[in-house]
Amino acid sequence: MRYRLLLFLSMLFISTYINAQSEITGFLGIKLEDKPYVAIDKLKKRYPNVEWKHPCIHLKNVTFIDTKFNDLVITYKNEKLVEATFTLFDDASVVDNPFKDRTTILNEAKSKQNQITNKFTQAFNGLGNTLCSKYGNPTVSSDGNAIWRDTNSNSITLNVTLNNSQDEIGINFSGTLTVTYRTATTNDDEF
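Its first residue numbered -13, the sequence shown is counted upward by one per residue in my numbering.
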């Protein structure tokens, strides 16, 4: 049984590697080499709320790989795309209430913390699995980012950050997930 599982996993990794693209070419129909006006035209076909604030394209509520992100910011330098960052964020709070017993407040806090953690874990895993199937296995940085690089020095970084804090008002939980495309231009030029 263990050998069958090992054989299955080996075949899965090999097929993922064989089917993986060697180049990162773009996202949402935008090619990494597209000029800003071309990217804006492509985005406006799907999203009417595209804003150009030189040197960036801003878009709210964009869906990418089955995940609805709060923001997308695409940054250009000298008419070349240097970075595009999809950002998903959420937060929740439990207000301290002197009329509730401490156990009830702690249970509410634990529930909200689990909701935030589950939401971002599922999004991270879903995005990571899709990116793995397309680009192969990433390298993982010391701070836990998953990074896919191609032969042209383009990269995709997947990051999730979960926070909790307590103040005099109550207990706060937040999460931020980003998918960042960086082009070779980012590495060559000073930003």
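Backbone N, C-alpha and C define an ideal beta-carbon position, used for all residues, glycine too.
Neighbourhood of residue i by C-beta distance below 8 Å, restricted to the same chain and skipping five residues each side
| i | result |
| --- | --- |
| N140 | E9, I10, L18, Y167, R168, T169, A170 |
| T2 | Unreliable placement is indicated for T2, whose pLDDT of 47 sits below 50; no coordinate value is reported for it. |
C-alpha distance - residue i paired with residue j, whole-angstrom precision
| i | j | result |
| --- | --- | --- |
| G130 | L148 | 12 Å |
| L29 | H40 | 16 Å |
| D20 | T89 | 56 Å |
| Y23 | D136 | 26 Å |
Helix, strand or coil at residue i [DSSP, three-state]
| i | result |
| --- | --- |
| S97 | helix |
| Q108 | helix |
| R32 | coil |
| D27 | helix |
| S160 | strand |
| K46 | strand |
| G122 | coil |
CB of residue i within 8 Å of CB of residue j, strictly
| i | j | result |
| --- | --- | --- |
| E65 | V80 | no |
| K105 | G161 | yes |
| F75 | N56 | yes |
| A109 | L163 | yes |
| S151 | N145 | no |
The ligand PLP heavy atom lying under 7 Å from the CB of residue i
| i | result |
| --- | --- |
| D82 | Looking for the ligand PLP in the displayed structure turns up nothing, as the structure carries no ligands at all. |
Neighbourhood of residue i by C-beta, 7 Å cutoff - its chain only, sequence neighbours within 5 removed
| i | result |
| --- | --- |
| I91 | V80, D82, N83 |
Extent of the continuous beta strand (DSSP E) to which residue i belongs
| i | result |
| --- | --- |
| K54 | 53 to 63 |
| D76 | 66 to 81 |
| Q152 | 141 to 152 |
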